[in-house]
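A short write-up of the structure that comes next.
In my numbering, the protein residues as written are 17 to 304.
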């Protein structure tokens, strides 16, 4: 049996486990900020998952099922994730930074299959390992050990995760404050950083301290414009979702209980999708 999003959301250890998960995501970001930023907005996150799923489902020799720019754009548009121009620009950016690369030329020179550069898969594996560790911490199973023992595990699980994300209304239409940050450059990293500093014992407070004091230091770590970050934080402040315990920008920042619940609910939905994908991929051997 897989864990449902409701079971995850109601688990008494969720806040503590998700805090550890957020801290792990911060470490992955620090290792390669530019590559990690590919997954740090809602739209780019979904585009990256679509590209990876197309790669892992490719059938060498059948060029109709290769990852190509044209096929990527078609799937992006079919799922209403982004416009043709945005999808095309995303592929060009990934090529520019060496995150994806062309496969050797085919007999048909018009077809140029793509694949992730080997180094690009590291953060993806780290992301999945962090979430599998969270799931194991909630129910005592050994998903992570099984994942590490199977060289083909990422190829088996990731396309199913992509399917689950794309078909999930809560993922595609996040709640108000979560949605505000998902469209910010590195918005996912911003939220992980905010909640990585939250003491799980304080989550019942109306205003939950985060440990963040300086917007400047926060923006520098995120490789973001301080002005842009401050504008988004002000919008979140107007919603009553964040604030400062004293003078703005010179005291500890807090997040509201509602924002905390939004974040935890989003994590529960995502974790349930990952667990369902893992169970579908490995069946009875999923380690429960």
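For every residue, glycine included, the Cβ atom is placed at its ideal position computed from N, Cα and C.
{"Asked": "When 120, 23 and 44 are compared against residue 209, the one with the closest alpha-carbon", "Found": "44"}
{"Asked": "Rounded straight-line distance, which links the Cα of residue 100 to that of residue 19", "Found": "36 Å"}
{"Asked": "Those residues which DSSP pairs with residue 117 across a bridge", "Found": "131"}
{"Asked": "Delimiting residues of the beta strand (DSSP E) encompassing residue 269", "Found": "269–272"}
{"Asked": "Residue 260 in three-state terms, based on DSSP", "Found": "strand"}
{"Asked": "Same chain, Cβ closer than 6 Å to residue 148, five either side skipped, listed in chain order", "Found": "159, 160 and 163"}
{"Asked": "Sub-9 Å separation of residue 67 and residue 110 beta-carbons", "Found": "yes"}
{"Asked": "beta-carbon residue 166 near the ligand ATP non-hydrogen atom, thresh 8 Å", "Found": "The model on display carries no ligand, and the ligand ATP is accordingly not part of it."}
{"Asked": "7 Å CB neighbourhood of residue 219 in its chain, flanking five on each side removed", "Found": "31 and 276"}
{"Asked": "Beta-carbon spacing of residue 211, residue 139 below 9 Å", "Found": "no"}
{"Asked": "Distance between residue 40 and residue 204 (C-alpha atoms, nearest Å)", "Found": "13 Å"}
{"Asked": "Identified DSSP bridge partners for residue 224", "Found": "271"}
{"Asked": "Residue 70 - containing alpha helix (DSSP H), residue span", "Found": "58–72"}
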